[in-house]
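Quick notes on the structure that follows.
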Amino acid sequence: MKLLVVLVLKKVMLDQNIKAELKEKLLKEKESLEKELSLIATKLDGDYQAKFEDFGRDEEENAEETENFANKIAITETLEKKLQEVLAALKRMEDGTYGFCVNCPNEEIPLERLRAYPSASTCLKCQNQ
2 MKLLVVLVLK KVMLDQNIKA ELKEKLLKEK ESLEKELSLI ATKLDGDYQA
52 KFEDFGRDEE ENAEETENFA NKIAITETLE KKLQEVLAAL KRMEDGTYGF
102 CVNCPNEEIP LERLRAYPSA STCLKCQNQ
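Position in the sequence shown counted from 1, then plus 1, gives you this note's numbering.
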């Protein structure tokens with residue numbers, strides 16, 4: 002009986018250590034994404050909008066401005082989506098649902114997947130559908 006209690010306690014400690022490790026990864030990723038976004042976008046009403054740079058007045062410079070702005074919009078959208086995934090994962094940690102698939106809640110997300118992609122919200126089966 003004591004051995005069983007010790008094994009259960011070790012598993013709980015391991016789970017807490019793993020969750021702490023994954024939370025630290027998520028917080029670092031959140032900080033990194035927010036830093037990257039602040040370089041190319043401005044936060045307005047909770048969303049990010051790409052910054053427009055004015056290179057000059059001639060047509061060639063205007064074309065460069067437009068291309069640069071279009072690239073920033075695409076990058077901003079990608080970074081913002083990743084940030085939302087990280088924030089959602091942190092929320093699931095608070096709710097106690099982290100590590101379980103959002104589509105099939107009884108299905109655990111493999112630890113290897115969470116270590117590689119801490120903001121994963123689906124099991125492999127759902128991811129591949």
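Note that the Cβ used here is the ideal one computed from N, Cα and C, for glycine as well.
Here the structure is a predicted model, which means the values were calculated and not measured.
Cβ-Cβ distances below 6 Å link K73 to I41 and A51 in the same chain, with the five nearest sequence neighbours on each side left out; the list follows chain order. DSSP lists K44 as the beta-bridge partner residues of Y49.
A direct Cα-Cα distance of roughly 35 Å separates K44 from E109. For the pair L84 and K31, the CB atoms are nearer than the 9 Å cut-off. In the DSSP assignment, E113 falls within the unbroken alpha helix (DSSP H) covering L112 to A117. Restricting attention to E68, A21, Q128 and I76, the CA atom closest to the CA of N104 is found in Q128.
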